[in-house]
Each structure stands twice: as C-alpha cells, then as structure tokens.
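What follows is a set of notes on a single structure, which appears directly below.
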Amino acid sequence: MIPFIDMTAIRNAAGAALTARLDAVLASGNFILGPEVAELEQRLAEFSGAAAAVGVASGTDALKIALMANEIGPHDAVFIPAFTFAATAEAVVSTGATPMFIDVALPHMTMDPVHLREKIATVRREGVLRAAAVITVDLFGLPARYEEIATLAAEEDILLIADGAQSFGGQIGTSRVGTLAPITAISFYPTKPLGCFGDGGAILTTDSGMAAKFRELRHHGFDAARENIVQPGMNSRLDTIQAAILLARFDLFVDELARRDTIAGWYGEFLDGAVEVPDIPTGRKSAWAVYTVRSAHRDALRTRLSASGIGTAIYYATPVCDFEAYRRFRRDDDELPRSRQLCAEVLSLPMHPYLDRSTVEQVCSEVRQALR
Ligand SMILES: Cc1ncc(COP(=O)(O)O)c(C=O)c1O
C-alpha cells in the first residue's frame with residue numbers, strides 16, 4: 023500500500039516537541055485564544071513577510087471574514103476560478119454576493135487574467151452588479167499569476183484576495199504567499215503543507231489596520247475593548263490546541279517544503295513524457311500541497327493504480343459552477359473549456375514530505391506500465 027498522504031509519518035516527524043506543546047496547553051487550561059495563537063500569528067507573519075496574521079477556525083472562514091471585512095454583499099460580483107475547491111464559491115455566496123466564474127489558463131491551471139479582464143468588462147457593461155473583488159486560487163500550491171492579476175485589480179479598483187489555502191510556503195521571486203495580495207486566506211486542514219490535526223486557518227494581510235478588523239470579526243464582531251459590536255461577526259477563533267500543533271510543525275516547515283520540492287523533482291524526472299507533469303515557471307516556488315498530473319487516460323490510470331494499492335485523488339472532478347448549488351450563478355456564455363478539460367484529465371499522486379525516492383519510483387513505474 024502506498025497511501026495518498028501518510029498522516030502518521032507527518033505526526034511522528036513532529037515527535038516529542040508536539041507532545042510537549044500539547045501538554046503545555048492542557049496544563050494551562052487556556053483553550054480559547056491562548057498564548058499559542060498569538061505566538062503562531064507572529065511566526066506566520068514573520069515567515070511570510072505579511073504585516074499581520076490572524077488565526078481563524080478554517081480556510082473557508084478566512085475567506086468569509088476577508089469578504090465580510092470589506093463589506094462585500096448582495097450587489098457585488100466576485101470573480102473566482104471555475105476550477106477550484108467549493109469553499110472559494112461558498113465564501114462568496116455566504117456574503118450574498120454573486121460569484122462570476124473565470125476559466126483557468128494552461129498549463130498552470132490558475133486563473134486566466136485575459137478571461138478575468140473580459141468578465142470585469144461584462145459586469146461593468148451590464149451595470150447591475152458592482153465589480154467588487156477577485157479571489158485568485160494558488161492551485162495545488164503554485165502561486166497564481168499575481169503579476170498580471172494584481173495590476174488588473176489595481177487598474178480596475180477591485181479588491182484582490184488570495185485563496186492561499188494550498189500554497190502557504192510558495193513564493194514568486196523572494197515574495198512569499200501572504201504578501202502577493204493585500205489579503206491571503208490560508209488553511210491548516212491536516213493535508214495542507216502546514217496542516218494541523220483538525221480544522222484551522224489564518225488570514226494574512228499586508229495592512230495591519232485590516233488585521234484589527236479580522237480580529238473583531240472572528241470573535242462575534244467585538245471591538246478590542248470587548249464593549250461594542252459595530253458589525254456582526256462569527257465565532258471563528260483558531261483553537262489553541264491546533265495552534266500548539268502548528269507551532270511544533272512549524273519548526274519542520276522549511277525542511278518539509280524542501281522535501282516536497284525534491285519529491286516533485288523525482289516525479290518530474292520519472293514521469294516526463296508519460297503524462298503531463300506540472301510546470302513551474304522560472305522564479306516561482308510551489309508549496310506542493312498536491313502533485314497533479316494530466317492524462318487523457320486518467321480514469322484507466324486511476325483504476326490501475328488503485329488495483330496496485332496506490333492512493334490517488336481527483337482534484338477536481340467537477341467545475342465548481344456545475345454543482346447544483348452554484349449553477350444558478352452560471353452565465354449563458356460560461357463555456358470555461360479549460361476548467362472542463364482539466365476535470366476529465368487531472369490525477370493527483372501520493373505526496374507528503376516523507377515519501378522516499380524508491381516509493382516515488384514505484385508509483386511512476388506503475389503509471390508508465392498502465393499507459394503502455
Ligand atoms: C482552494 C481552497 N480554498 C479553500 C479551502 C478551504 O479550507 P478549509 O478546509 O480549511 O476550510 C480549501 C481546502 O481544501 C481549498 O483547497
């Protein structure tokens with residue numbers, strides 16, 4: 023058996039430091055917004071270069087709070103990629119805003135800036151909704167095309183939010199995820215590059231004024247003095263126990279990112295020519311949350327790997343706009359051909375920092391045999 027992700031190996035790597043961190047929280051009894059949350063926020067900001075980080079209950083809530091803080095609501099259009107996890111669309115719809123689906127560009131599978139520009143023009147021409155925000159998604163860990171999208175958002179006076187749920191640790195040049203957009207939502211879901219052992223998330227921002235607003239909204243909207251509520255918020259605090267786990271795991275993070283990069287390199291070496299392997303543009307670093315290949319024979323390949331005991335996953339089988347809940351937001355001209363093509367071709371192979379070269383070789387040899 024080669025599991026898709028080996029959570030036991032990840033847990034064991036954190037070793038005694040993890041137990042010590044957990045014991046400290048249990049001894050303190052400080053379970054809600056304990057000192058570990060503030061310590062983690064400090065480390066997240068220092069590592070990424072963001073002005074501040076605010077821990078919340080999940081990556082989904084991080085997106086919701088980012089939108090709420092900017093008063094995105096029923097008269098607003100929010101542009102999101104069609105090829106993403108459902109949470110990106112869900113956060114938009116939860117505010118009453120309308121998601122507008124943008125196709126992705128190949129080969130990198132992130133939001134297509136050309137289609138984004140066209141859709142912004144359509145919304146402006148129709149004059150019904152305000153073109154309010156764009157949420158880019160750093161798919162599989164690779165930062166989106168911020169060079170073009172941040173420029174476009176600034177030109178169009180549109181808020182830019184990065185859905186960095188999968189990409190904490192990724193970078194463009196020397197700029198890390200957390201600084202590529204004014205606001206970045208990250209997830210600590212267990213399988214993410216920096217994952218906890220439950221649900222968790224954070225909002226990183228380059229604007230410390232914004233961080234104060236996020237802190238209010240994660241705690242029902244209470245102001246810093248806990249005396250007044252101006253805007254209703256939510257109960258979305260990062261759990262102290264999860265923060266403690268993340269602090270223990272943070273000590274290994276740089277090493278684990280390097281391991282993921284090495285593993286991706288092995289896959290690229292062994293699989294090139296058999297399937298379409300991920301292409302990382304020069305100067306970018308992926309956090310390699312997931313290692314996703316493309317093949318016209320995806321389903322047969324997956325069946326064969328499964329029969330050989332190799333865990334795989336399909337991210338994503340359905341463009342988010344095709345789920346029943348989101349179909350009503352689809353427009354007549356929403357062809358989104360590349361998102362649809364990817365849904366039929368993508369296959370994610372085992373990826374976690376403790377995969378060794380011979381295991382990767384074994385997976386690749388099965389892939390090659392299946393496609394022969
Ligand atoms: C692109 C994307 N956005 C948002 C989320 C939501 O994160 P969470 O599961 O922490 O709510 C995920 C989680 O998988 C994701 O992959």
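Following our numbering, the numbering of the sequence shown begins with 23 at its first residue and continues without gaps.
Where a beta carbon is used, it is the ideal one built from N, C-alpha and C, also for glycine.
- [ ] Can you tell me which of Gly333, Ala42, Ser197 and Ser317 puts its alpha carbon nearest to the alpha carbon of Gly295?
- [x] In the sequence shown, residue 295 corresponds to position 273, counting from 1. When each option's Cα is compared against that of Gly295, the closest is Ser317.
- [ ] Under 8 Å by Cβ, that's how I've got Ile194 and Pro215 pegged, so tell me the actual separation to the nearest angstrom.
- [x] On the sequence shown, residue 194 is found 172 positions in, with the first residue counted as 1. On the sequence shown, residue 215 is found 193 positions in, with the first residue counted as 1. Wrong, their Cβ atoms sit about 16 Å apart, outside the cutoff.
TODO: Evaluate the contact criterion for the segment 240-252 versus the segment 101-117: three or more CB pairs, one atom per stretch, below 8 Å.
DONE: no
- [ ] Report the partner residues of Thr82 according to the DSSP bridge assignment.
- [x] Sequence index remark: in the sequence shown, residue 82 carries index 60 (1-based). Answer by DSSP bridge pairing: none, since Thr82 is not bridged.
Open item on the list: Using CA atoms only, rank isn't needed, just tell me which of Glu178, Ile183 and Gln391 is closest to Ala153.
Closed with: For the purposes of this step, residue 153 is taken as the residue at position 131 of the sequence shown. Answer by Cα proximity: Glu178.
- [ ] Compute every distance between the C-beta of Ser380 and the non-hydrogen atoms of ligand 1, then say whether any falls below 7 Å.
- [x] The residue you call residue 380 lines up with position 358 of the sequence shown. Every heavy atom of ligand 1 is 7 Å or more from the Cβ of Ser380, so no.
Open item on the list: Nearer than 7 Å: is that true of the beta carbon of Tyr6 relative to any heavy atom of ligand 1?
Closed with: The question about residue 6 has no answer, for the chain in this structure spans 23 to 394.
Task: Beta-carbon contacts of Asp301 that lie in its chain and below 6 Å, excluding the five residues immediately before and after - done: By 1-based counting over the sequence shown, the position of residue 301 is 279. Correct list, in chain order: Pro129.
Open item on the list: DSSP three-state label for Met256, please.
Closed with: Looking up residue 256 in the sequence shown gives position 234. Three-state DSSP puts Met256 in coil, outside helix and strand.
Task: Distance cut-off 7 Å: Gln188 Cβ against heavy atoms of ligand 1 - done: Position 166 of the sequence shown, counting from 1, holds the residue named residue 188. True, at least one ligand heavy atom lies under 7 Å from that Cβ.
Task: Inter-residue Cα distance where the pair is Thr173 and Val78 - done: Here the question's residue 173 lines up with position 151 in the sequence shown. Here the question's residue 78 lines up with position 56 in the sequence shown. When rounded, the distance between both Cα atoms is 29 Å.
Open item on the list: Threshold first: 4 residues or longer. Then list the alpha helix (DSSP H) segments lying entirely within the segment 218-285, N to C.
Closed with: 230-240 and 262-272
Open item on the list: ligand 1 and Thr82: does any heavy atom of the ligand fall closer than 7 Å to the residue's C-beta?
Closed with: Indexing the sequence shown from 1 puts residue 82 at position 60. Thr82: yes, Cβ under 7 Å from ligand 1.
Task: Own chain, CB closer than 8 Å to Arg33, minus 5 neighbours either side, in chain order - done: For the purposes of this step, residue 33 is taken as the residue at position 11 of the sequence shown. Cβ neighbours of Arg33 beyond the five flanking positions: Leu40 and Phe219.
TODO: Please look up how many angstroms separate the CB atoms of Val84 and Gly223, rounded, as I've assumed it's under 8 Å.
DONE: For the purposes of this step, residue 84 is identified with residue 62 of the sequence shown, where counting begins at 1. For the purposes of this step, residue 223 is identified with residue 201 of the sequence shown, where counting begins at 1. Position check: residue 84 holds Ala in this sequence, whereas Val was assumed. Yes, Ala84 and Gly223 are in contact; Cβ-Cβ is about 4 Å, under 8 Å.
Task: Spatial distance of Ala119 from Glu112 (CA atoms) - done: Here residue 119 is taken as the residue at index 97 of the sequence shown, counted from 1. Here residue 112 is taken as the residue at index 90 of the sequence shown, counted from 1. Going by the C-alpha atoms only, they are around 10 Å apart.
Task: Nearest-angstrom Cα separation, counted from Gly186 out to Asp160 - done: Within the sequence shown, the letter at position 138 stands for residue 160. Within the sequence shown, the letter at position 164 stands for residue 186. Taking the straight line from one Cα to the other gives about 6 Å.
Task: Residues of its chain near Leu226, where Cβ-Cβ distance is below 6 Å and the 5 sequence neighbours each way are ignored - done: Position 204 of the sequence shown, counting from 1, holds the residue named residue 226. Cβ neighbours of Leu226 beyond the five flanking positions: Ser70, Ala72, Ala75, Gly200 and Thr206.
Task: Ala166: first and last residue of the uninterrupted alpha helix (DSSP H) it sits in - done: Looking up residue 166 in the sequence shown gives position 144. Element bounds for Ala166: n/a, residue is neither H nor E.
Open item on the list: In the DSSP assignment, the alpha helix (DSSP H) including Arg33 goes from what residue to what residue?
Closed with: Your numbering for residue 33 matches position 11 in the sequence shown. It spans Met29 to Ser50 - the alpha helix (DSSP H) in which Arg33 sits, taken as one unbroken run.
Open item on the list: Taking contact to mean 3 or more Cβ pairs, one atom from each stretch, closer than 8 Å, check whether the segment 315-335 and the segment 365-373 are in contact.
Closed with: yes
Open item on the list: Could you tell me the alpha carbon to alpha carbon distance between Tyr376 and Ala143, rounded to whole angstroms?
Closed with: For the purposes of this step, residue 376 is taken as the residue at position 354 of the sequence shown. For the purposes of this step, residue 143 is taken as the residue at position 121 of the sequence shown. Between Tyr376 and Ala143, the C-alpha separation is close to 46 Å.
- [ ] Note down the Cα distance separating Ala347 from Ala38, rounded to an integer number of angstroms.
- [x] In the sequence shown, counting from the first residue as 1, residue 347 sits at position 325. In the sequence shown, counting from the first residue as 1, residue 38 sits at position 16. Each residue's Cα considered, the two are about 45 Å apart.
Open item on the list: Output needed for Pro212: all residues of its chain with C-beta closer than 7 Å, excluding positions within five of it in sequence on either side, in chain order.
Closed with: Sequence index remark: in the sequence shown, residue 212 carries index 190 (1-based). Excluding positions up to five away in sequence, the list reads Met29, Cys218 and Phe219.
- [ ] Identify which residue in Ala265, Phe190, Lys307 and Phe123 has its Cα closest to the Cα of Phe345.
- [x] Translated into positions along the sequence shown, residue 345 becomes position 323. The residue with the shortest Cα to Cα distance from Phe345 is Phe123.
Task: Endpoints, the alpha helix (DSSP H) within which Pro300 is located - done: Translated into the one-based positions of the sequence shown, residue 300 becomes position 278. Unbroken run through Pro300: none, as it is neither H nor E.
- [ ] Can you tell me the Cβ-Cβ gap for Ile208 and Phe190, rounded? I've got them flagged as a contact below 8 Å.
- [x] Residue 208 sits at position 186 when you count from the first residue of the sequence shown. Residue 190 sits at position 168 when you count from the first residue of the sequence shown. With a Cβ gap of about 5 Å, Ile208 and Phe190 count as contacting.
Open item on the list: Nearest by alpha-carbon distance to Phe292: which of Asp277, Val389 and Leu358 is it?
Closed with: Here the question's residue 292 lines up with position 270 in the sequence shown. The residue with the shortest Cα to Cα distance from Phe292 is Val389.
Task: Simplified DSSP assignment, three categories, for Gly77 - done: As a position in the sequence shown, residue 77 is number 55, starting the count at 1. Gly77 falls in the strand class under three-state DSSP.
Open item on the list: Quick check on Thr262: buried or exposed, where buried means 16 or more other Cβ atoms within 10 Å of its Cβ?
Closed with: In the sequence shown, residue 262 corresponds to position 240, counting from 1. Buried, because 16 or more other Cβ atoms sit within 10 Å of the Cβ of Thr262.
Task: Ala127 and Arg362 closer than 8 Å at C-beta - done: What you label residue 127 is simply residue 105 of the sequence shown in a count that begins at 1. What you label residue 362 is simply residue 340 of the sequence shown in a count that begins at 1. Against a cut-off of 8 Å, the Cβ pair of Arg362 and Ala127 comes out as no contact.
Open item on the list: According to DSSP, simplified to helix, strand and coil, what is Asp402?
Closed with: Past the edges of the chain, shown from 23 to 394, lies residue 402, and the structure says nothing about it.
- [ ] Name the residue from Thr304, Trp288 and Leu89 whose alpha carbon lies nearest to the alpha carbon of Thr196.
- [x] The residue you call residue 196 lines up with position 174 of the sequence shown. Checked all of Thr304, Trp288 and Leu89; the closest Cα to Thr196 is Thr304.
Task: Contacting residues, own chain, Cβ-Cβ under 6 Å from Lys86 (five flanking each side not counted) - done: On the sequence shown, position 64 is the one that residue 86 refers to. Cβ neighbours of Lys86 beyond the five flanking positions: Ala113 and Ser116.
- [ ] Leaving out five residues on either side along the sequence, give the residues of the same chain with a beta carbon under 6 Å from the beta carbon of Val156.
- [x] On the sequence shown, residue 156 is found 134 positions in, with the first residue counted as 1. Excluding residues within five positions, the ones whose Cβ falls inside 6 Å are Phe101, Ala175, Ile180 and Leu182.
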